[in-house]
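S.K.:
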Amino acid sequence: DVTWDPDTAHPLLQLSADSRCVERQETPQLLPRRTGRFDTERCVVGDEGFDGGRHAWVVEVAQGGHWWAVGVAAGSARRTGSFDFSPEGKIWAVGKLMGHHRVFTAPHPKPLALNHVPQRIHVLLDHATGQVVFSDADSWAVIFIFPLSLSARERLYP
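Under this note's numbering, the residues of the sequence shown are numbered 303 to 460, in order.
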């Protein structure tokens, strides 16, 4: 299970009391400005990062929303202002954008061809193979595999 870091959450994201669930809100929360807080993109990262080994987690995704993303971000990925939501921006993610499932790449997200819409996404971060693998957590069908392109061992966060 992932525990989300409330100090990084965008003001339009509401975390549950145990920081394990995230929901979008219409009204921004009044939160203190922090160096690590996302200020333009509705994002949050986990409170634990990984710089080696093999780590996996499952994320339940909203079925009714037009936008959501699940992925991995490097500790050095930008969190303020405009940034690339892509491996070039040190973010490896899949999701839904404008009602269509996408893999987030630069310069533009690419369509994902899915046989059915996943409700739970399994994320595997494998430093040994240098991959981030996204799968349907119920059918185990692979959604997308990103190669990790990091020059040094950098801490990566859900």
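The beta-carbon is built from N, C-alpha and C at its ideal position, and this holds for glycine as well.
(1) Tell me where the beta strand (DSSP E) around G432 begins and ends.
(2) Taking the C-alpha atoms as reference points, what is the distance between E343 and H368?
(3) The beta strand (DSSP E) with G397 in it runs from where to where?
(4) Expressed to the nearest angstrom, what Euclidean distance is found between the alpha-carbon atoms of L452 and P313?
(5) For A415 and A319, what's the separation of their Cα atoms in angstroms?
(6) With contact counted as at least three CB pairs below 8 Å, one residue from each stretch, are the segment 385–398 and the segment 408–427 in contact?
(7) Please name the residue in V396, L315 and S384 whose C-alpha comes closest to that of D438.
(8) Are there three or more Cβ pairs, one per stretch, closer than 8 Å when the segment 424–438 is compared with the segment 344–363?
(9) Rounded to whole angstroms, what is the Cα-Cα separation between P434 and V374?
(10) Which one of E350, R339 and T329 has the shortest CA to CA distance from R322?
(11) Where do the ends of the beta strand (DSSP E) carrying A371 lie?
(12) Hey, D247 and V347 are a contact pair by Cβ (cut 8 Å); roughly how many whole angstroms apart?
M.R.: In terms of the structure at hand:
(1) To locate residue 432, count along the sequence shown from 1; it is residue 130. That residue, G432, is in no beta strand (DSSP E); it is neither H nor E in DSSP.
(2) On the sequence shown, residue 343 is found 41 positions in, with the first residue counted as 1. On the sequence shown, residue 368 is found 66 positions in, with the first residue counted as 1. Computed Cα separation, rounded: 15 Å.
(3) For the purposes of this step, residue 397 is taken as the residue at position 95 of the sequence shown. Per DSSP, the continuous beta strand (DSSP E) segment holding G397 begins and ends at I393 to L399.
(4) As a first step, residue 452 must be located in the sequence shown, where it is residue number 150. As a first step, residue 313 must be located in the sequence shown, where it is residue number 11. Their Cα atoms are separated by approximately 30 Å.
(5) Reading the sequence shown from its first residue, position 113 is the one you call residue 415. Reading the sequence shown from its first residue, position 17 is the one you call residue 319. In this structure, the straight-line span from the alpha carbon of A415 to that of A319 is close to 36 Å.
(6) With the rule of 3 Cβ pairs closer than 8 Å, the segment 385–398 counts as touching the segment 408–427.
(7) The residue given as residue 438 occupies position 136 in the sequence shown. Ranked by how close their Cα comes to the Cα of D438, the residues V396, L315 and S384 have V396 in first place.
(8) Below 8 Å, enough C-beta pairs join the segment 424–438 and the segment 344–363 to call them touching: three or more.
(9) The residue labelled residue 434 in the question sits at position 132 within the sequence shown. The residue labelled residue 374 in the question sits at position 72 within the sequence shown. Before going further, note that residue 434 is Val rather than Pro in the sequence given. Answer to the nearest angstrom: the Cα atoms are 8 Å apart.
(10) The sequence position of residue 322 within the sequence shown is 20, counting from 1. Of the candidates E350, R339 and T329, the residue whose Cα lies closest to the Cα of R322 is E350.
(11) Counting from one through the sequence shown, the residue named residue 371 turns up at place 69. Element bounds for A371: W370 to A376.
(12) Nothing can be reported for residue 247, as the shown portion of the chain is limited to 303 through 460.
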